[in-house]
Structure formats: structure tokens, C-alpha cells
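Undergrad: Numbering (the working numbering), first residue to last: 156 to 355.
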Amino acid sequence: VQLLDALGIVAAHIVGASMGGMIAQEVAIQYPDKALSVCLIGTQCGGTHAFGAAPENAKALQELATLDMSPQERARGWVPYTLSQGFRAEHPDLVEEYVRISALHPPTIAGLRAQWGALMSYDSWDRLPLITAPALILQGDEDVLVPKENADVLGVRIPDARVVTIPGAGHSLHFEAAEQANSLLLDFFAEIDAEVAGSE
156 VQLLDALGIV AAHIVGASMG GMIAQEVAIQ YPDKALSVCL IGTQCGGTHA FGAAPENAKA
216 LQELATLDMS PQERARGWVP YTLSQGFRAE HPDLVEEYVR ISALHPPTIA GLRAQWGALM
276 SYDSWDRLPL ITAPALILQG DEDVLVPKEN ADVLGVRIPD ARVVTIPGAG HSLHFEAAEQ
336 ANSLLLDFFA EIDAEVAGSE
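#1: Is it buried or exposed for Asn305, if we count other Cβ within 10 angstroms and need 16 for buried?
#2: Please go through the same chain and pick out, in chain order, the residues whose beta-carbon is closer than 8 Å to the beta-carbon of Ala220, but skip the five residues on each side of it.
#3: Excluding the 5 residues preceding and the 5 following Leu230 in the sequence, name in chain order all residues of the same chain whose CB lies nearer than 6 Å to its CB.
#4: Rounded to the nearest angstrom, what separates Gly353 and Glu218 at their Cα positions?
#5: Just the Cα atoms here: how many angstroms apart are Pro322 and Gln185?
#6: Which whole runs of the beta strand (DSSP E) in the segment 213-273 are 3 residues long or more, in chain order?
#7: On the DSSP bridge assignment, give the partners of Ile196 in chain order.
#8: Counting only the same chain and skipping the five closest in sequence on each side, list residues whose C-beta sits under 8 Å from that of Val319.
#9: In terms of residue numbering, what span does the beta strand (DSSP E) encompassing Ile347 cover?
#10: How about Ala324 and Asp307: do their beta carbons lie closer than 9 Å?
#11: Can you give me the start and stop residues for the alpha helix (DSSP H) that Arg312 sits inside?
#12: Measuring straight from C-alpha to C-alpha, what distance separates Ser225 and Asp160?
#13: Are Leu191 and Ala172 touching if we call contact CB-CB under 9 Å?
#14: Helix, strand or coil for Ala167 per DSSP?
Printed below as a string of C-alpha cells:
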């Protein structure tokens, strides 16, 4: 929000994926005038109303966040949980690119632990009806980290929301289905911008 202010941007389309989706929720809730729209990708509301990953997946992820390993090893370790099985089988070259990109700016162990703690304590369910911006919720139906039921929860709780499920996509749907996701986002932005222009 301070960056928007520093750049002189009055309001923007707020987009967040995974934990970034939780941050996007907070921007839309706490600073409604800053959000022209909010786009939530593969995220959840947290708390008791969220649908979590299977216990074995959650345990593996917690271990990945705490074990000492190289950036490449950690990035590769995430792959079974962030990219769908079908995508991994069909696009091994893109999987390698995903690992390469993910390892460019590796988080620290302390940072990963802090993120895990934030994820475990987050809960926006009671406050979701406060989101006044139009919302687009994108969800992969093969997401093993944030099950697709979470998109439905967000869609019901946020007053002006639409949910779009992308078949075959996993948690990193913006990588797996980049063209489709980008098209959906750009069309949504254009629609909202036209509505805003028409009301001025």
C-alpha cells in the first residue's frame, strides 16, 4: 500500500497467489479504496473454515521448510506439491525451468518458518464480507496444497465474487496454465476498468 502511495497510484487491481492471496485479501479488507478488484489464485481463508492439504502433504511441506538443503534441492522438493502430476509428466522441460526460476531467489530457513507460522495462524473468514471490490478467484482442480473447495468458500463469502476452476492445473496454475490465467485476469481487469470509466 505504501508502494502504491509512493508511486502515486490511487487504486490498483490486487492479485495474489497462495500466501500472496492472503495478503491480497488483507489489502482488499483493510484498504478497500486501494482495490479496484482483487484476484485470488490458489488461496484460502485460513482458520477452521479452510480445507487443508492432506496430512502427509502438510508434513512433507513442513519438513521442506525446515531442512537444510540447497536452493535447487528445495525447489525440486516443492515440485510434487506445486505442479500437477499431468503437467509434470507432459512438460519435463518446463518443470526444469520452474525449478531454475524457483531457486533464483531462495527464502531463508527463518523466512520459511515465519511463513509457515503466518499460514497456520491466518483467518479471514469473518471479514471476507467486508471485501467490496469485485473478486476473481482462480483455482486449479488438481491443487494438492490448497484443495479446490477453498475457492468455493471464498466465492460464497466475498459479496461480488466469481470462481473459475482450471481443469488439470495444480497449485502453481499461473505457471502451468499461464496463457489461460493471464487471459482471464486481463479480461477481468478490462471489464472492471470499463465499469469504472463508465461511472465517472
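C-beta atoms are modelled at their ideal positions from N, C-alpha and C, and glycine is treated no differently.
TA: Working from what's here:
#1: Locating residue 305 in the sequence shown gives position 150, where the first residue counts as 1. When all chains shown are included, Asn305 counts as buried.
#2: Along the sequence shown, read from residue 1 onward, the residue named residue 220 stands at position 65. Around Ala220: Ile264, Leu267, Arg268, Gln270, Trp271.
#3: Locating residue 230 in the sequence shown gives position 75, where the first residue counts as 1. First, the amino acid is wrong: residue 230 is Ala here, not Leu. Excluding positions up to five away in sequence, the list reads Val254, Ser257, Ala258.
#4: What you label residue 353 is simply residue 198 of the sequence shown in a count that begins at 1. What you label residue 218 is simply residue 63 of the sequence shown in a count that begins at 1. Glu218 has its alpha-carbon roughly 51 Å from the corresponding atom of Gly353.
#5: By 1-based counting over the sequence shown, the position of residue 322 is 167. By 1-based counting over the sequence shown, the position of residue 185 is 30. Near 32 Å, if we compare the C-alpha coordinates of Gln185 and Pro322.
#6: None, since the segment 213-273 contains no complete beta strand (DSSP E) of that length.
#7: Position 41 of the sequence shown, counted from the first residue, corresponds to residue 196. Note: Ile196 sits in a beta bridge opposite Ala172, Leu293.
#8: Locating residue 319 in the sequence shown gives position 164, where the first residue counts as 1. Cβ neighbours of Val319 within its own chain (closer than 8 Å, five residues either side excluded): Leu291, Ile292, Leu293, Gln294, Leu339.
#9: As a first step, residue 347 is located in the sequence shown; it is residue number 192 there, counting from the start. For Ile347, no beta strand (DSSP E) encloses it; the enclosing alpha helix (DSSP H) starts and ends at 333-354.
#10: Your numbering for residue 324 matches position 169 in the sequence shown. Your numbering for residue 307 matches position 152 in the sequence shown. No, Cβ-Cβ distance for Ala324 and Asp307 is not below 9 Å.
#11: Residue numbering aside, residue 312 sits at position 157 when the sequence shown is read from its first letter. Per DSSP, the continuous alpha helix (DSSP H) segment holding Arg312 begins and ends at 304-312.
#12: On the sequence shown, position 70 is the one that residue 225 refers to. On the sequence shown, position 5 is the one that residue 160 refers to. Separation of Ser225 and Asp160 (C-alpha to C-alpha, rounded to the nearest whole angstrom) is 37 Å.
#13: Along the sequence shown, one-based indexing puts residue 191 at 36. Along the sequence shown, one-based indexing puts residue 172 at 17. It is not a contact, given that the beta carbons lie outside the stated cut-off.
#14: As a position in the sequence shown, residue 167 is number 12, starting the count at 1. Of the three classes helix, strand and coil, the one that applies to Ala167 here is strand, per DSSP.
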